[in-house]
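Peer 1: My questions all concern the structure below.
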Amino acid sequence: MSKTYEEINEKIRSKKAVVYTAEEIIDVVKKKGIEKAAEEVDVVTTGTFGAMCSSGAFLNFGHASPPIRMTDIRLNDVPVDGGLAAVDTFIGATSLTEDPKKGYGGAHVIEDLIAGKPVHLHAWGPGTDCYVRKDIDTHITLDDINEAYLYNPRNCYQNYGIATNTSGRTIYTYMGKLLPRMKNATYSSAGQLSPLLNDPHLETIGMGTHIFLAGGEGYVCWQGTQFKTNVEEVNGVPIGGARTLALIGDMKQMDPKFVHGLDITGYGISLAIGVGIPIPILNKDILQRCCITDEQIYAQLTDYSLNTGRKEMARYNYAQLRSGSIEYEGKKIRTSSLSSLSGARKVAGELKSWIENGEFELIKPVLQFPKKAKLKTLTEDWL
Amino acid sequence: MERKFKVTYNESNVQGSVAYVLVKEFDLTPNVLKANITGDGCGFMVLSVSGDEETINKGMARVEECGYNVEPMVNHIHKEEAKCWECGACVAVCPTKSITVDKDFHIIVDYNTCIACGSCVDACSVKALRLVI
Ligand code: SF4
Ligand code: SF4
């Protein structure tokens with residue numbers, strides 16, 4: 001028994017599609033059995049809501065009169081890219097204001113724009129015969145400007161490590177505050193709800209996949225940066241960061257409740273957004289992979305006090321991590337998440353209701369991502 | 001019961017012992033959670049006091065008579081719900097397990113057991129946690 005994208009979309013249009021979240025589907029399949037469930041269920045929705053530094057936004061401000069070719073641009077004092085066309089820019093999420101103590105950066109500009117707040121635009125240009133103006137000082141809102149696209153070169157990390165600190169001092173990392181002598185450990189994955197753990201070999205997710213992006217519609221637009229496949233798998237899913245996705249979506253559709261600019265103490269700025277990906281149940285194998293549970297998904301504990309060469313110290317599954325503590329060599333380590341599971345649930349739930357209400361159709365990818373990929377490292381010049 | 005107080009002192013009474021008064025005269029159990037004295041002899045301490053309610057009230061009234069400023073502490077760790085995105089980063093850095101996750105993964109702060117250490121404050125990436133002392 002198999003279905004096509006068109007058959008599923010036909011059911012979505014007539015509001016008859018049967019949709020469950022990646023958490024709900026586990027019990028549904030347990031009760032009905034895989035064969036019957038694969039016949040009945042059309043879509044499984046996944047969700048994740050965590051920090052991703054590789055995020056940003058393209059904006060076009062519109063032309064002033066007389067016009068300016070902006071080469072040096074600040075938004076709320078955050079330097080943004082002046083290397084595109086006259087009034088285009090790219091806001092990198094981690095860009096900082098000159099005073100880093102403010103804890104405000106590109107991610108907060110994106111958050112403020114989506115929240116509808118006015119943002120201070122100050123820009124300078126060289127002044128040319130065709131763009132005579134040399135500076136402009138004004139305010140913009142998301143409604144005032146032409147295009148605004150959120151663009152994530154990398155998001156939806158398939159899985160990620162668990163961080164701890166064996167040293168004698170507290171360290172502040174992108175994996176949060178790590179107390180001395182392994183008093184705590186942090187992790188960052190939605191586990192059984194996470195998009196790429198439910199379709200681990202990207203059978204249904206590829207370029208063009210229609211997704212929920214921060215409360216609006218978005219698309220998978222390329223493989224994510226640092227995409228790799230050569231990671232050990234347990235129960236059919238990788239035990240560390242492997243595949244990633246590049247995402248794009250219209251900021252004007254987004255909902256501020258799914259967008260948070262973060263100031264991670266001692267590390268810097270990052271952006272957290274809610275991403276939901278629907279998985280079409282084309283056959284029972286695809287459904288089977290959506291039944292993965294937290295108990296089956298493992299991640300590796302590593303020591304973030306080491307500057308390099310962090311080796312796996314132990315591995316734990318997400319059910320253990322979510323229980324609040326893990327044990328390492330007889331010692332109890334308290335655990336906490338860095339990504340919002342309640343947020344991921346909201347994402348998967350909202351996407352589910354869009355599909356049930358016939359408001360969101362699925363798109364068959366126009367390109368599959370590589371089946372094999374590995375990472376290169378950066379080496380210094382040999383002198 | 002247990003209650004927490006912020007006791008402020010200055011150069012005239014910084015050498016006195018608030019804890020001694022509470023133990024000796026009232027048989028209360030005081031516990032200094034935090035103390036801070038600046039170079040000029042002024043400062044404050046955060047005091048947890050256990051005993052029955054009436055005795056605690058009497059004891060702290062006596063401390064005030066000795067010239068200290070006494071402020072009961074309630075909601076000394078403040079979580080701004082509108083800012084919190086329920087990431088959970090604050091949970092495991094709390095030494096008293098005052099921050100917990102419920103079954104729906106909502107984050108709950110127990111103001112009663114919080115000892116105002118401040119460890120959670122810089123673990124939060126959206127400045128949703130504030131220590132009010
Ligand atoms: S101030 Fe200290 S005791 Fe209170 S909630 Fe924060 S970490 Fe826990
Ligand atoms: S760290 Fe901040 S945002 Fe995260 S759960 Fe705690 S209070 Fe909420």
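First to last, the sequence lines map onto chains B and G.
Counting in the working numbering, the first sequence runs from 1 upward without gaps.
Counting in the working numbering, the second sequence runs from 1 upward without gaps.
Backbone N, C-alpha and C fix where the C-beta goes; we use that ideal spot for every residue, glycine too.
None of the values given here were measured: they were computed from a predicted structure.
Does Tyr319 of chain B come within less than 9 Å of chain G when only Cβ atoms are used?
Peer 2: Contrary to the premise, residue 319 of chain B reads as Ala rather than Tyr in this sequence. No, Ala319 of chain B lies away from the interface with chain G (no Cβ there is under 9 Å from its Cβ).
Peer 1: Within the segment 294-352 of chain B, note down every full alpha helix (DSSP H) run reaching 4 residues or more, in order along the chain.
Peer 2: Here the runs fully enclosed are 318-322.
Peer 1: Quick check on Ala299 of chain B - is its C-beta less than 9 Å from some C-beta in chain G?
Peer 2: So, not an interface residue.
Peer 1: Is the beta carbon of Thr293 of chain B sitting closer than 9 Å to the one on Ile26 of chain B?
Peer 2: Yes. Within cutoff.
Peer 1: Quick one, what's near ligand 2 if you take every residue whose CB is closer than 6 Å to any heavy atom, in chain order?
Peer 2: Those residues, listed in chain order, are G:Lys79, G:Cys84, G:Trp85, G:Glu86, G:Cys87, G:Gly88, G:Ala89, G:Cys90, G:Ile107, G:Ala123, G:Cys124, G:Val126, G:Ala128 and G:Leu129.
Peer 1: Is Pro180 of chain B a contact residue of ligand 1, with contact defined as CB to any heavy atom under 8 Å?
Peer 2: No, ligand 1 has no heavy atom inside 8 Å of this Cβ.
Peer 1: Are the CB atoms of Pro200 of chain B and Pro238 of chain B within a distance shorter than 9 Å?
Peer 2: Yes, these two residues count as a Cβ contact at 9 Å.
Peer 1: Does the pairing of the segment 281-299 of chain B with the segment 354-368 of chain B give three or more beta-carbon distances under 8 Å?
Peer 2: No, the segment 281-299 of chain B is not in contact with the segment 354-368 of chain B.
Peer 1: Quick check: Gly161 of chain B and Gln253 of chain B, are their CB atoms within less than 9 Å of each other?
Peer 2: No; because the gap between Cβ atoms is not below 9 Å, this pair is not in contact.
Peer 1: To the nearest angstrom, how far is it from the Cα of Asp137 of chain B to the Cα of Pro66 of chain B?
Peer 2: So the two alpha carbons sit approximately 13 Å from each other.
Peer 1: In the DSSP assignment, find the unbroken beta strand (DSSP E) run with Asn69 of chain G in it and report its ends.
Peer 2: Per DSSP, Asn69 of chain G belongs to the beta strand (DSSP E) from Asn69 to Pro72.
Peer 1: Hey, would you say the C-beta of Thr96 of chain G is under 8 Å away from at least one heavy atom of ligand 1?
Peer 2: For ligand 1, at least one heavy atom lies less than 8 Å from the Cβ of Thr96 of chain G.
Peer 1: What do you reckon, is the C-beta of Gly118 of chain G under 8 Å from a heavy atom of ligand 4?
Peer 2: Absent from the structure shown: ligand 4. Ligands present: ligand 1 and ligand 2.
Peer 1: Is the beta carbon of Thr113 of chain G within less than 8 Å of some heavy atom of ligand 1?
Peer 2: Yes, the Cβ of Thr113 of chain G comes within 8 Å of a heavy atom of ligand 1.
Peer 1: How about Thr164 of chain B and Ala373 of chain B: do their beta carbons lie closer than 9 Å?
Peer 2: For Thr164 of chain B and Ala373 of chain B, no; Cβs fall outside 9 Å.
Peer 1: List the DSSP bridge partners of Trp124 of chain B.
Peer 2: Its beta-bridge partners are B:Asp72 and B:Asp135.
Peer 1: Using a Cβ-Cβ cutoff of less than 7 Å, which residues in the same chain neighbour Ile8 of chain B once the five nearest sequence positions on both sides are dropped?
Peer 2: So the qualifying residues of the chain are Ala17, Asp42, Val43, Pro280 and Leu362.
Peer 1: Which same chain residues end up closer than 8 Å to Glu11 of chain G when comparing Cβ atoms and leaving out the 5 residues on each side of it in sequence?
Peer 2: Once the five neighbours on either side are set aside, the close Cβ partners of Glu11 of chain G are Asp40, Gly41 and Cys42.
Peer 1: Quick one: which chain B residues come within Cβ less than 9 Å of Asp122 of chain G?
Peer 2: Within chain B, the residues near Asp122 of chain G are Tyr172, Lys177, Thr265 and Gly266.
Peer 1: For the beta strand (DSSP E) that contains Ile26 of chain B, what are its first and last residues?
Peer 2: Run containing Ile26 of chain B: none in the beta strand (DSSP E); it sits in the alpha helix (DSSP H), Glu24 to Lys32.
Peer 1: List the endpoints of the continuous alpha helix (DSSP H) containing Ser107 of chain B.
Peer 2: Residue identity check: residue 107 of chain B is Ala in the sequence provided, not Ser. First-last of the alpha helix (DSSP H) with Ala107 of chain B: Gly106 to Ile114.
Peer 1: For the beta strand (DSSP E) that contains Gly59 of chain G, what are its first and last residues?
Peer 2: Not the beta strand (DSSP E): Gly59 of chain G falls in the alpha helix (DSSP H), residues Glu53 to Glu65.
Peer 1: Within 9 Å (strictly less), CB to CB, does Gly118 of chain G reach chain B?
Peer 2: Output row for Gly118 of chain G: interface = no.
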